[in-house]
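First the structure, in the form of structure tokens, and then the observations on it.
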Amino acid sequence: MQIRLAADLQPDSIVDGEGIRTVLWTQGCPHGCKGCHNPQTHSFNDGVLVDVEEVIEALREIKHQDGLTLSGGDPVCQSEACYEISKAAHEMGMNVWCYTGFTYETMLQNPKHRKLLEQIDVLVDGKFILEEKSYDLHFRGSRNQRIIDVQKSLQEERVVLVEKYAEDKKISRYEKPSYMFI
Ligand code: SF4
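With the numbering used here applied, the sequence shown covers 4 to 185.
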């Protein structure tokens, strides 16, 4: 099996989910969000095709990571390959976050997407909506997007958000924290 990637695995990210993470940049996205930061990842013909086994081996070589983040592009468009890579990441002791323009509810309706959810710990779902963009959000670009605890959601058959990220960041970039006034 192969996967179309936009770039090499990127280790040591601290902005694509909790902790220190390796990012898998998939190529191809159908959503066309206005203001997207990665328009070069939209085409389903660009990027490079790589064997999934090769990606897993490369992931195995990267040390001291808390997790793997599937990003892009939209990783859900290559759900079978992402399933295999995510399963391997779990076997390596990493957690898995996934960014997608699809919603959790839409994913549930597609058997391949539903299967990928079984290997996702945290899903950041929904298109990026420029009018709802905010810098006060944890690990997401616009207010409509949700940070979902996938395994709890599957278990409880309802959307369960990751509570600590459901609210805005405590300290706005425009406010001084209280200790600065001492
Ligand atoms: S889903 Fe993500 S990659 Fe795709 S167009 Fe929207 S912001 Fe860009």
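For each residue, glycine too, the CB sits at the ideal point set by N, CA and C.
Nearest Cα to leucine 120 within the set Gln81, Gly144, Ser137 and Gly22: Gln81. Spanning the alpha carbons of leucine 140 and valine 18 requires a straight line of approximately 12 Å.
At a cut-off of 7 Å, the beta-carbon of threonine 29 does not count as near ligand 1: no heavy atom of the ligand is closer than that. In this structure, Asp69 is the residue among Glu57, Asp69 and Arg63 with its C-alpha nearest to the C-alpha of serine 16.
Lysine 118 sits exposed, since fewer than 16 C-beta atoms from the chains shown fall within 10 Å of its C-beta. By the 16-neighbour rule on beta-carbons within 10 angstroms, asparagine 98 is buried. Here the C-alpha atom of isoleucine 151 lies approximately 17 Å from the C-alpha atom of aspartate 77. Collapsing the DSSP output to three states places valine 18 in coil. Not one heavy atom of ligand 1 sits closer than 7 Å to the Cβ of glycine 20.
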